[in-house]
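Visitor:
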Amino acid sequence: MRKSALLTALLALMPVAAMAQAQTAPSAGTTWPTQQIRLIVPYSAGGTTDFLGRLAADYIGKHTGQNVIVENRTGAGGNIGADIVAKSAPDGLTLAMITDGVMTTNPYLYRAMPFDSAKDLVVAAIVGEAPQVIVVSKDVPAKTLQEFVALSKAKPASINYASAGIGSSNQLSALQLERIAGIKMVHVPYRGAAPAVADLASGQVQMISVGVAPVISLVQAGQLRLLAATTKKRMPLLPDLPTAAESGAPGYESTTWFGIIAPAATPAPIIERINGLMRDMVADPDTKKRFDDNYLIAWNLTPPEISKLVADQAAMWEKIIKDAGIKLD
1042 MRKSALLTAL
1052 LALMPVAAMA
1062 QAQTAPSAGT
1072 TWPTQQIRLI
1082 VPYSAGGTTD
1092 FLGRLAADYI
1102 GKHTGQNVIV
1112 ENRTGAGGNI
1122 GADIVAKSAP
1132 DGLTLAMITD
1142 GVMTTNPYLY
1152 RAMPFDSAKD
1162 LVVAAIVGEA
1172 PQVIVVSKDV
1182 PAKTLQEFVA
1192 LSKAKPASIN
1202 YASAGIGSSN
1212 QLSALQLERI
1222 AGIKMVHVPY
1232 RGAAPAVADL
1242 ASGQVQMISV
1252 GVAPVISLVQ
1262 AGQLRLLAAT
1272 TKKRMPLLPD
1282 LPTAAESGAP
1292 GYESTTWFGI
1302 IAPAATPAPI
1312 IERINGLMRD
1322 MVADPDTKKR
1332 FDDNYLIAWN
1342 LTPPEISKLV
1352 ADQAAMWEKI
1362 IKDAGIKLD
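Throughout, the working numbering is defined as the position within the sequence shown, counted from one, plus 1041.
#1: Return helix, strand or coil for Leu1047, following the three-state DSSP convention.
#2: By how many angstroms is the C-alpha of Asn1211 removed from the C-alpha of Ile1347?
#3: Work out the CA separation of Pro1182 and Glu1038 for me, nearest whole Å.
#4: Taking all protein chains shown into account, do 16 or more other C-beta atoms lie within 10 angstroms of the C-beta of Asn1108, making it buried, or fewer, making it exposed?
#5: Taking Cβ to Cβ, would you say Ile1224 is nearer than 9 Å to Pro1197?
#6: Please classify Trp1073: does DSSP put it in a helix, a strand, or coil?
#7: From the DSSP output, in three-state form, read off Tyr1149 for me.
#8: Just curious, the beta strand (DSSP E) that Gly1122 is in, first and last residue?
#9: Among Thr1071, Pro1131 and Gln1077, which one has its Cα closest to the Cα of Ala1306?
#10: Report the rounded CA-to-CA distance for Arg1114 versus Ala1191, giving the unit in angstroms.
#11: Helix, strand or coil, according to DSSP, for Pro1345 in the structure here?
#12: Could you check whether the Cβ of Thr1105 sits closer than 9 Å to any Cβ belonging to chain B?
#13: Ignoring anything shorter than 3 residues, give me the beta strand (DSSP E) runs that lie fully in the stretch 1181-1232, in order along the chain.
#14: Can you give me the start and stop residues for the alpha helix (DSSP H) that Ala1309 sits inside?
#15: Do you know how far the Cα of Leu1278 is from the Cα of Gln1245?
#16: Is it true that the CB of Leu1259 sits closer than 9 Å to the CB of Ala1242?
#17: Please tell me whether Ile1441 and Leu1136 are closer than 9 Å, where the distance is taken between their beta carbons.
#18: Alpha carbon to alpha carbon, how far is Ser1068 from Tyr1084? Give it in angstroms, no decimals.
#19: Identify every residue that forms a DSSP beta bridge with Glu1112.
#20: Can you give the Cα-Cα distance for Pro1345 and Trp1073, rounded to whole angstroms?
#21: Using 10 angstroms around the beta-carbon of Val1227, count the other beta-carbons present and answer buried if the total reaches 16, otherwise exposed.
#22: Helix, strand or coil for Ala1063? Go by DSSP, reduced to three states.
#23: Are Val1251 and Gln1173 close, meaning C-beta to C-beta below 9 Å?
What follows is the structure in structure tokens.
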């Protein structure tokens, strides 16, 4: 009878003990990371994405106590590196710093994708953007975006615009301008932004939509001219440069954002932990200075805000790319 009474008492206490254990068990977010993290950068070393990837790796390492290894895996517009993440275990230990194209344009640009960005990946954090500016050669008579549009309309297909290649953000931005302003230009693709900007400075081509960093020294030297920023608001570091909307092209916005992706099945607490770390990083004064030095603008979005942004931009670029008939192998 004593044994029976003791067993009954123990059984009665089991639900209470289990509940207490559940209440005190740490969430995935508080325990992450449990070991070394692999951060893929799907682009070449030395570029903006690589710079931000290494900045993020350093910050995560310092604030979690775990080592973060940065690995450059280039090719296919970021798809090769992103595919590694898509096929990794959803434990937050394999991540990638990407540009927005992986999630919003590549699915429509490439004939065959090795993964489904909407189903296989999630953007855990967006750290910032590199706003694009409309830049022309000093020999182009237009001093404003309105004058440039008028010039293009007066002589259709007489303006050659440069890009870093077919399907690049430079080309897609120019296509968006053509659609919004009702103009027609001629696309001249290059193998990268550097040779495109060099030919723009020499007058071989007339226009490019590109980030500030590759052109600012040539602008300051008088070889290139800024017409407008493709941002919603004026850029803090270029306050005198009007936006495209202020310059007669409402709705024309084009920017490259940079974010960290993880496998889609990664637990929400880990995603929130990564998101919180990156939001803390961009609020750090030292990070702000480094962003300013590279003409980058910090972002501070929550996971739900990121999900909406990615979906909205993907829908926009899908239409633009399909209308242009662009397809990459």
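Using N, Cα and C, we set each Cβ at its ideal position, and we do this for glycine too.
Predicted model only: the values in this text are computed from it and were never measured.
Guide: On the basis of the supplied data:
#1: Taking the first residue of the sequence shown as 1, we reach residue 1047 at position 6. A caution first: Leu1047 carries a pLDDT of 49, below 50, which makes its placement in the model unreliable, though a value can still be read off. Helix, per DSSP.
#2: As a first step, residue 1347 must be located in the sequence shown, where it is residue number 306. As a first step, residue 1211 must be located in the sequence shown, where it is residue number 170. Using only the alpha carbons, I get a separation of about 23 Å.
#3: Summary: the structure shown does not reach residue 1038, with the chain confined to residues 1042 through 1370, and so no result is reported for it.
#4: Start at 1 with the first residue of the sequence shown, and residue 1108 comes out as number 67. Asn1108 is exposed by the Cβ-count criterion.
#5: Within the sequence shown, the letter at position 183 stands for residue 1224. Within the sequence shown, the letter at position 156 stands for residue 1197. Pairing Ile1224 with Pro1197 gives a Cβ-Cβ distance under 9 Å.
#6: Counting from 1 along the sequence shown, the entry for residue 1073 is found at position 32. Note: Trp1073 maps to coil in three-state DSSP.
#7: As a first step, residue 1149 is located in the sequence shown; it is residue number 108 there, counting from the start. DSSP places Tyr1149 in helix when its eight states are reduced to three.
#8: Reading the sequence shown from its first residue, position 81 is the one you call residue 1122. Per DSSP, Gly1122 is not a residue of any beta strand (DSSP E); the alpha helix (DSSP H) it occupies stretches across Asn1120 to Ala1127.
#9: As a working note, residue 1306 is residue 265 in the sequence shown. Closest option to Ala1306, Cα to Cα, is Pro1131.
#10: Working through the sequence shown from its first residue, we reach residue 1114 at position 73. Working through the sequence shown from its first residue, we reach residue 1191 at position 150. If you take the alpha carbons of Arg1114 and Ala1191, they lie about 43 Å apart.
#11: Translated into the one-based positions of the sequence shown, residue 1345 becomes position 304. For Pro1345, the secondary structure class from DSSP, reduced to helix, strand or coil, is helix.
#12: In the structure shown, chain B cannot be found, because there is only a single protein chain.
#13: Counting only runs of 3+ residues, the beta strand (DSSP E) found wholly inside the stretch 1181-1232 occupies 1201-1204 and 1227-1230, in chain order.
#14: Walking along the sequence shown from the start, residue 1309 turns up at place 268. Per DSSP, the unbroken alpha helix (DSSP H) holding Ala1309 starts and ends at Ala1309 to Ala1324.
#15: Counted from its first residue, the sequence shown places residue 1245 at position 204. Counted from its first residue, the sequence shown places residue 1278 at position 237. Distance between the alpha carbons of Gln1245 and Leu1278: 29 Å.
#16: The count along the sequence shown starts at 1 and reaches residue 1242 at position 201. The count along the sequence shown starts at 1 and reaches residue 1259 at position 218. The Cβ atoms of Ala1242 and Leu1259 lie closer than 9 Å to each other.
#17: What is shown of the chain runs 1042 to 1370, which leaves residue 1441 out entirely.
#18: Locating residue 1084 in the sequence shown gives position 43, where the first residue counts as 1. Locating residue 1068 in the sequence shown gives position 27, where the first residue counts as 1. Looking at the two C-alpha atoms, the distance is approximately 33 Å.
#19: Against the sequence shown, residue 1112 aligns to sequence position 71. Under DSSP, the beta-bridge partners assigned to Glu1112 are Ile1081.
#20: For the purposes of this step, residue 1345 is identified with residue 304 of the sequence shown, where counting begins at 1. For the purposes of this step, residue 1073 is identified with residue 32 of the sequence shown, where counting begins at 1. Rounded to the nearest whole angstrom, the C-alpha separation of Pro1345 and Trp1073 is 21 Å.
#21: For the purposes of this step, residue 1227 is taken as the residue at position 186 of the sequence shown. Exposed: under 16 other Cβ atoms inside 10 Å.
#22: Stepping through the sequence shown from its first residue, residue 1063 is reached at position 22. Low confidence applies to Ala1063: its pLDDT is 48, below 50, so where it sits in the model is not reliable enough to give any reading.
#23: Taking the first residue of the sequence shown as 1, we reach residue 1251 at position 210. Taking the first residue of the sequence shown as 1, we reach residue 1173 at position 132. Between Val1251 and Gln1173, the C-beta gap is smaller than 9 Å, which places the two residues in contact.
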